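Residue numbers for the sequence shown follow my numbering, so the first one is 8 and each next one is one higher.
C-beta: ideal position from N, C-alpha, C; glycine also.
Keep in mind that this is a model prediction, so the values were computed, not measured.
Comments concern the structure below.
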Amino acid sequence: MTNGYEQPYKVFKTVFGEIKYNVVGSGEPLILVHGTPWSSFNWRKLIPALSQWFTVYYYDLLGYGESEKNVGDVSLGVQNEILSLLVKHWKLTNPKIVGHDFGGATVLRTYLLNKIEFDQILLN
Numbered sequence: 008m009t010n011g012y013e014q015p016y017k018v019f020k021t022v023f024g025e026i027k028y029n030v031v032g033s034g035e036p037l038i039l040v041h042g043t044p045w046s047s048f049n050w051r052k053l054i055p056a057l058s059q060w061f062t063v064y065y066y067d068l069l070g071y072g073e074s075e076k077n078v079g080d081v082s083l084g085v086q087n088e089i090l091s092l093l094v095k096h097w098k099l100t101n102p103k104i105v106g107h108d109f110g111g112a113t114v115l116r117t118y119l120l121n122k123i124e125f126d127q128i129l130l131n
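So, in structure tokens, the structure goes:
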């Protein structure tokens, strides 16, 4: 695994659309969820530093960045379902998670509505 930012290129197919993600670093799992109208590119300067201490999981929200854009619904109601599916796909148990802007709302909905447990939640 590398320790730097790369555009998400790994593919996770959902009923909602195709999600692109990447995983870098080593250590405890940490998920980064970007806000709108951005992409995981926003995390590009933080990922190399964070990946020295964490296994960093990052992705582009549906409708943004490298993820599928030709979809009808990219609302919060869809994004938290996708995050819940990704956590299960990555086989993570109680990861730490950071959500920025719209990503913060996605994280909170995933915790409250999808009952996904996180060790720590940082919303900014």
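Asked: Locate the alpha helix (DSSP H) running through N87, then write down its first and last residues.; Found: L83 to H96
Asked: Check whether the stretch 86-99 and the stretch 45-60 touch, using three or more Cβ-Cβ pairs below 8 Å as the test.; Found: no
Asked: What are the residues that DSSP puts in a beta bridge with F61?; Found: E35
Asked: Would you tell me roughly how many angstroms separate the C-alpha atoms of V1 and E13, rounded to the nearest one?; Found: Here the chain has residues from 8 to 131 only, and residue 1 is not among them.
Asked: Let me check understanding here. Comparing Cα to Cα, which of I54, Y16 and H107 lies closest to S33?; Found: I54
Asked: Distance, Cα to Cα, A112 vs W97?; Found: 21 Å
Asked: Leaving aside the five residues before and after N29 along the sequence, list all residues of the same chain whose C-beta is less than 7 Å from its C-beta, in chain order.; Found: E13, P15, Y16, K17 and Y65
Asked: Roughly how many angstroms separate the alpha carbons of V219 and K52, rounded to a whole number?; Found: The displayed coordinates of the chain run from 8 to 131. Any statement about residue 219 would go beyond what the structure contains.
Asked: Give the secondary structure of V18 by DSSP, where H, G and I count as helix, E and B as strand, and everything else as coil.; Found: strand
Asked: Determine the closest residue to L69 out of F19, E124 and E35, with distance taken between C-alpha atoms.; Found: F19
Asked: Which same chain residues end up closer than 7 Å to P125 when comparing Cβ atoms and leaving out the 5 residues on each side of it in sequence?; Found: The sequence as given places Phe at residue 125; Pro does not occur at that position. Correct list, in chain order: N101, P102, K103, I104 and Y118.
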